[in-house]
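Novice: In UniProt numbering, the protein residues as written are 1 to 547.
Ideal Cβ positions, reconstructed from N, Cα and C, are used throughout, including at glycine.
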Amino acid sequence: MFNPYPIKKETASLITKDGISLAADIYRPDSRESFPILLMRQPYGKAIASTVVYAHPSWYARQGYIVVIQDVRGRGNSTGNFNLFAHEISDGLETIEWVLTISNNTGVVGMYGFSYQGMTQLYAAANGHGALKTICPAMIAHDLYRDWAYENEAFNLQYNLAWAIQLAAETARLKGDETAYQKLWVASRNLPLFDPIAASPQILQDLAADSFYHDWITRYLPDDYWQNLSPQNLLKNIDLPMLHIGGWFDPHLRGTLSLYQEMQVRSIYPQRLIIGAWTHLPWGRKVGEIDYGQEAISPVDKMQLQWFDYFLKGQETELFKNPPLYLFQMGSNQWRYLEKFPGENQQIYYLASQGLANLREDEGKLSAILLEPAIEDTIVHDPWRPVPSLGGHSALPGGIFDRTMLDCRSDVITYTSPPLEKDLTILGSPRLDCYCQADAVSFDICAVVSQVTPDGRVFNITQGYKRVNNPESSLNMAMQATFITIPQGHSLRLSLSASCFPAHPVNAGTGSYPHQSRAIDFSTITIKVFCQGNFPAKLLLPLVGES
Numbered sequence: 001m002f003n004p005y006p007i008k009k010e011t012a013s014l015i016t017k018d019g020i021s022l023a024a025d026i027y028r029p030d031s032r033e034s035f036p037i038l039l040m041r042q043p044y045g046k047a048i049a050s051t052v053v054y055a056h057p058s059w060y061a062r063q064g065y066i067v068v069i070q071d072v073r074g075r076g077n078s079t080g081n082f083n084l085f086a087h088e089i090s091d092g093l094e095t096i097e098w099v100l101t102i103s104n105n106t107g108v109v110g111m112y113g114f115s116y117q118g119m120t121q122l123y124a125a126a127n128g129h130g131a132l133k134t135i136c137p138a139m140i141a142h143d144l145y146r147d148w149a150y151e152n153e154a155f156n157l158q159y160n161l162a163w164a165i166q167l168a169a170e171t172a173r174l175k176g177d178e179t180a181y182q183k184l185w186v187a188s189r190n191l192p193l194f195d196p197i198a199a200s201p202q203i204l205q206d207l208a209a210d211s212f213y214h215d216w217i218t219r220y221l222p223d224d225y226w227q228n229l230s231p232q233n234l235l236k237n238i239d240l241p242m243l244h245i246g247g248w249f250d251p252h253l254r255g256t257l258s259l260y261q262e263m264q265v266r267s268i269y270p271q272r273l274i275i276g277a278w279t280h281l282p283w284g285r286k287v288g289e290i291d292y293g294q295e296a297i298s299p300v301d302k303m304q305l306q307w308f309d310y311f312l313k314g315q316e317t318e319l320f321k322n323p324p325l326y327l328f329q330m331g332s333n334q335w336r337y338l339e340k341f342p343g344e345n346q347q348i349y350y351l352a353s354q355g356l357a358n359l360r361e362d363e364g365k366l367s368a369i370l371l372e373p374a375i376e377d378t379i380v381h382d383p384w385r386p387v388p389s390l391g392g393h394s395a396l397p398g399g400i401f402d403r404t405m406l407d408c409r410s411d412v413i414t415y416t417s418p419p420l421e422k423d424l425t426i427l428g429s430p431r432l433d434c435y436c437q438a439d440a441v442s443f444d445i446c447a448v449v450s451q452v453t454p455d456g457r458v459f460n461i462t463q464g465y466k467r468v469n470n471p472e473s474s475l476n477m478a479m480q481a482t483f484i485t486i487p488q489g490h491s492l493r494l495s496l497s498a499s500c501f502p503a504h505p506v507n508a509g510t511g512s513y514p515h516q517s518r519a520i521d522f523s524t525i526t527i528k529v530f531c532q533g534n535f536p537a538k539l540l541l542p543l544v545g546e547s
């Protein structure tokens with residue numbers, strides 16, 4: 001029977017080569033034995049230690065690890081200036097060398113953490129230090145532009161703005177500026193989304209002139225700024241065993257999947273992927289309005305411990321007796337082990353309408369065969385009343401919600417399938433192919449796939465969003481990956497709109513980008529979605545089992 005170690009805690013600091021003090025809490029077994037080191041580097045105050053999703057560091061320490069939770073430069077009790085991601089490679093290297101000086105360690109290090117703490121693992125790993133034996137990156141960006149700041153060239157407004165205000169408030173607190181802190185605190189509870197330029201609120205210009213946000217909103221193309229910070233470019237020659245962790249409704253799932261898929265192809269070490277029915281946080285049984293039961297509760301701590309026991313202690317584990325994918329299947333509400341994502345097995349649904357799919361839910365059709373005649377549908381986007389974001393992966397709060405009221409709007413086109421004759425299981429990224437024309441030089445398309453219950457309720461499953469910088473476009477848009485079983489008797493629905501605010505900024509229709517777009521200059525945009533012609537509109541669903 002396991003006998004947990006008693007724990008003692010101490011605080012220590014690393015003095016970097018440039019004279020910065022990086023503070024850390026160290027949780028360690030109260031024993032003369034030697035233990036491996038688990039390291040987390042984070043910007044939110046070391047006492048929090050990512051306990052919004054993970055077990056407390058003392059839990060890991062009781063299992064026989066020295067756990068080091070460090071404040072990154074300029075955060076918490078560490079000195080220096082915080083500059084988003086800028087120092088994490090060099091500071092990560094010095095930190096690994098420093099933790100190896102802690103008494104009674106075995107000379108091997110593992111890292112864990114999610115979001116920013118996931119990114120600090122990747123930056124530390126980029127150094128190739130031999131003592132770093134494994135990492136467990138959760139909810140990260142592989143390509144910082146594509147996986148975090150933007151989605152298909154559309155700025156992720158709500159998440160990025162909320163995060164920028166949180167970090168700016170912490171900066172004000174550390175400076176003792178109560179006036180600025182209080183203003184930012186209030187703004188964090190009621191995001192400033194209605195300034196003359198909504199994506200560039202005055203409060204960040206006044207109180208956070210050095211925020212990363214100003215770079216992110218003005219660098220709307222994937223230039224060298226993004227490439228120099230993106231792990232996909234920094235890890236090309238790095239190989240480690242990695243336990244990858246994501247959520248079906250996490251805004252960074254694209255990054256988690258991209259890193260896993262790259263490492264699975266080129267790594268000589270084991271790679272494993274866990275994806276739960278979770279938003280960015282918490283990792284629990286309920287996501288939005290849907291309770292998936294006790295099975296949905298996070299298994300990450302126990303599996304992560306097995307991972308570290310194997311790679312840092314050399315202990316055998318059950319973990320590698322199973323296939324590499326461990327995915328929560330919504331609908332059946334159970335975890336499943338799989339060897340890989342499905343290949344070419346797709347179900348195609350064609351879009352069909354007589355032109356009233358924005359007004360009548362019985363008009364737009366999703367059909368396994370081409371239906372004739374089928375003409376175009378029209379979206380009239382009124383910037384005065386954009387379609388609000390609701391759940392999914394890009395809005396706060398995220399997850400699954402009843403969107404019946406949204407689908408009743410006249411600026412939302414809906415296409416619905418007949419009731420399913422048998423259960424349908426989707427695993428992977430659905431794709432929308434369609435041809436669009438607009439009377440503006442730029443417009444946005446939001447696509448949401450939902451499940452329609454027999455009593456008419458509509459619950460979002462997955463979605464995608466794209467900024468289109470051409471008045472005529474053959475649109476090919478991959479949506480957020482998902483794993484869900486739609487039961488027999490329920491229907492599928494595709495909903496199309498030209499906005500999803502405030503998850504993404506309202507497109508002005510003028511060709512200007514969000515940081516340039518004044519509300520007074522916004523244009524009404526008319527968009528036609530063509531069901532047939534040279535480019536038949538279709539929804540492609542990756543399936544498990546027979547199509």
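Please determine, among N470, Q182, V380, the residue with the shortest C-alpha to C-alpha distance to L356.
Specialist: For the purposes of this step, residue 356 is taken as residue 356 along the sequence shown, with counting starting at 1. Cα-wise, what sits closest to L356 is V380.
Novice: With a floor of 4 residues, list each alpha helix (DSSP H) that falls wholly inside the stretch 25 to 85, ordered by position along the chain.
Specialist: 57 to 62, all fully within the stretch 25 to 85.
Novice: On a CA-only basis, which of P487, N460, D444 is nearest H504? Give me that one, please.
Specialist: Translated into the one-based positions of the sequence shown, residue 504 becomes position 504. Of the candidates P487, N460, D444, the one whose C-alpha sits nearest the C-alpha of H504 is D444.
Novice: Note down the Cα distance separating Q437 from E472, rounded to an integer number of angstroms.
Specialist: Taking the sequence shown and counting its residues from 1, the one referred to as residue 437 is at position 437. Taking the sequence shown and counting its residues from 1, the one referred to as residue 472 is at position 472. Each residue's alpha carbon lies about 4 Å from the other.
Novice: In the structure shown, what three-state DSSP assignment does L253 receive?
Specialist: Numbered from 1 along the sequence shown, position 253 holds the residue referred to as residue 253. Correct three-state label for L253: helix.
Novice: Residues in the same chain with beta-carbon distance under 6 Å from C136, minus the five sequence neighbours each way, listed in chain order, please.
Specialist: Reading the sequence shown from its first residue, position 136 is the one you call residue 136. Contacts found: Y112, L243, Q304.
Novice: If I'm right that residue 549 touches G391 with Cβ under 8 Å, what's the distance once you round it to whole angstroms?
Specialist: This structure cannot settle anything about residue 549, because the visible part of the chain is limited to 1 through 547.
Novice: Nearest-angstrom Cα distance between E344 and P542?
Specialist: Taking the first residue of the sequence shown as 1, we reach residue 344 at position 344. Taking the first residue of the sequence shown as 1, we reach residue 542 at position 542. The alpha-carbon atoms of E344 and P542 are separated by roughly 8 Å.
Novice: Helix, strand or coil for A447 per DSSP?
Specialist: For the purposes of this step, residue 447 is taken as residue 447 along the sequence shown, with counting starting at 1. In the structure shown, A447 sits in a strand (DSSP, three-state: E or B).
Novice: Less than 8 Å between the CB atoms is what I'm expecting for P342 and V506, so what's the real figure, rounded?
Specialist: Start at 1 with the first residue of the sequence shown, and residue 342 comes out as number 342. Start at 1 with the first residue of the sequence shown, and residue 506 comes out as number 506. Rounded, the Cβ-Cβ distance is 36 Å, inconsistent with contact.
Novice: Output the distance between the C-alpha atoms of E10 and G76, rounded to the nearest integer angstrom.
Specialist: As a working mapping, residue 10 is identified with position 10 in the sequence shown. As a working mapping, residue 76 is identified with position 76 in the sequence shown. Answer to the nearest angstrom: the Cα atoms are 16 Å apart.
Novice: Alpha carbons only, please: which of N3, P192, I461, D433 is nearest the one belonging to I290?
Specialist: Taking the first residue of the sequence shown as 1, we reach residue 290 at position 290. Comparing Cα-Cα distances from I290 to each of N3, P192, I461, D433, the minimum goes to I461.
Novice: Measuring only the C-alpha atoms, how far is A61 from I275?
Specialist: In the sequence shown, residue 61 corresponds to position 61, counting from 1. In the sequence shown, residue 275 corresponds to position 275, counting from 1. A61 and I275: Cα-Cα distance of roughly 25 Å.
Novice: Keeping to the same chain, check which residues put their C-beta closer than 8 Å to that of W59; ignore five residues upstream and five downstream.
Specialist: For the purposes of this step, residue 59 is identified with residue 59 of the sequence shown, where counting begins at 1. D301, listed in sequence order.
Novice: Going by DSSP in three states, D215 sits in which element: helix, strand or coil?
Specialist: Your numbering for residue 215 matches position 215 in the sequence shown. DSSP places D215 in helix when its eight states are reduced to three.
Novice: Just the Cα atoms here: how many angstroms apart are S547 and K340?
Specialist: For this step, residue 547 is matched to residue 547 along the sequence shown. For this step, residue 340 is matched to residue 340 along the sequence shown. Caution is warranted here: a pLDDT of 38 is assigned to S547, below 50, making its placement in the model unreliable, and no coordinate value can be reported.
Novice: Report the partner residues of residue 590 according to the DSSP bridge assignment.
Specialist: No answer is possible for residue 590: it lies beyond the span of the chain, which begins at 1 and ends at 547.
Novice: Report the CB separation of I69 from A24 in whole angstroms; it is logged as a contact under 8 Å.
Specialist: Taking the sequence shown and counting its residues from 1, one reaches residue 69 at position 69. Taking the sequence shown and counting its residues from 1, one reaches residue 24 at position 24. Right, their Cβ atoms sit about 6 Å apart.
Novice: Which ranges would you report for the beta strand (DSSP E) in the stretch 254 to 305 if only whole runs of at least 3 residues count?
Specialist: With a minimum length of 3 residues, the continuous beta strand (DSSP E) runs that stay inside the stretch 254 to 305 are 271 to 276.
Novice: Do T510 and V452 have their CB atoms nearer than 8 Å?
Specialist: Locating residue 510 in the sequence shown gives position 510, where the first residue counts as 1. Locating residue 452 in the sequence shown gives position 452, where the first residue counts as 1. No, the pair does not count as a contact, with Cβ atoms beyond the cut-off.
Novice: Does DSSP put N322 in a helix, a strand or coil?
Specialist: Translated into positions along the sequence shown, residue 322 becomes position 322. Coil at N322, not helix or strand.
Novice: Out of curiosity, what's the CA-to-CA distance linking A395 and P43?
Specialist: Walking along the sequence shown from the start, residue 395 turns up at place 395. Walking along the sequence shown from the start, residue 43 turns up at place 43. The straight-line gap from Cα to Cα measures roughly 23 Å.
Novice: Please classify K175: is it buried, with 16 or more other beta-carbons within 10 angstroms of its beta-carbon, or exposed?
Specialist: The count along the sequence shown starts at 1 and reaches residue 175 at position 175. Exposed, by the Cβ-count rule.
Novice: What do you get for residue 611, buried or exposed, if any count of 16 or more other CB atoms within 10 angstroms of its CB means buried?
Specialist: Residue 611 cannot be examined here, being either before or after the span of the chain that is shown, 1 to 547.
Novice: What's the C-alpha gap between A86 and S410?
Specialist: As a first step, residue 86 is located in the sequence shown; it is residue number 86 there, counting from the start. As a first step, residue 410 is located in the sequence shown; it is residue number 410 there, counting from the start. So the two alpha carbons sit approximately 46 Å from each other.
Novice: Just verifying my parser: in three-state terms, what is the DSSP assignment at Q347?
Specialist: The residue you call residue 347 lines up with position 347 of the sequence shown. It is a strand residue.
Novice: Per DSSP, what kind of secondary structure is L312 in: helix, strand or coil?
Specialist: Residue numbering aside, residue 312 sits at position 312 when the sequence shown is read from its first letter. Note: L312 maps to helix in three-state DSSP.
Novice: Looking at the secondary structure, which residues open and close the alpha helix (DSSP H) in which P542 lies?
Specialist: Looking up residue 542 in the sequence shown gives position 542. From DSSP, P542 is part of no alpha helix (DSSP H) but of the beta strand (DSSP E) over 538 to 542.
Novice: Secondary structure at E546, three-state DSSP: helix, strand or coil?
Specialist: On the sequence shown, residue 546 is found 546 positions in, with the first residue counted as 1. Caution is warranted here: a pLDDT of 49 is assigned to E546, below 50, making its placement in the model unreliable, and no coordinate value can be reported.
Novice: Whose CA, out of L281, D71, E33, P241, lies closest to the CA of Q63?
Specialist: Stepping through the sequence shown from its first residue, residue 63 is reached at position 63. Among L281, D71, E33, P241, the Cα nearest to that of Q63 belongs to E33.
Novice: In or out: C434 buried (at least 16 other Cβ within 10 Å) or exposed?
Specialist: Within the sequence shown, residue 434 is the residue found at index 434, counting from 1. Counting Cβ neighbours within 10 Å, C434 comes out buried, since at least 16 surround it.
Novice: Which value, in whole angstroms, describes the spacing of the CA atoms of D177 and A164?
Specialist: On the sequence shown, position 177 is the one that residue 177 refers to. On the sequence shown, position 164 is the one that residue 164 refers to. Taking the straight line joining both Cα atoms gives about 17 Å.
Novice: Output needed for I369: all residues of its chain with C-beta closer than 8 Å, excluding positions within five of it in sequence on either side, in chain order.
Specialist: Mapped onto the sequence shown, residue 369 falls at position 369. Here the set comprises Y350.
Novice: Here's a check: name, in chain order, each residue in its chain whose Cβ is nearer than 6 Å to the Cβ of K528, leaving out the five neighbours to either side.
Specialist: Here residue 528 corresponds to residue number 528 of the sequence shown, with the count starting at 1. If we look at K528 and ignore the five residues flanking it on each side, its Cβ neighbours are E376, T378, Q437.
Novice: Under the three-state reduction of DSSP, which class applies to A352: helix, strand or coil?
Specialist: Taking the first residue of the sequence shown as 1, we reach residue 352 at position 352. Correct three-state label for A352: strand.
Novice: What are the boundary residues of the beta strand (DSSP E) that includes W185?
Specialist: Residue numbering aside, residue 185 sits at position 185 when the sequence shown is read from its first letter. Counting along the chain, W185 falls outside any beta strand (DSSP E), though it belongs to the alpha helix (DSSP H) covering 178 to 189.
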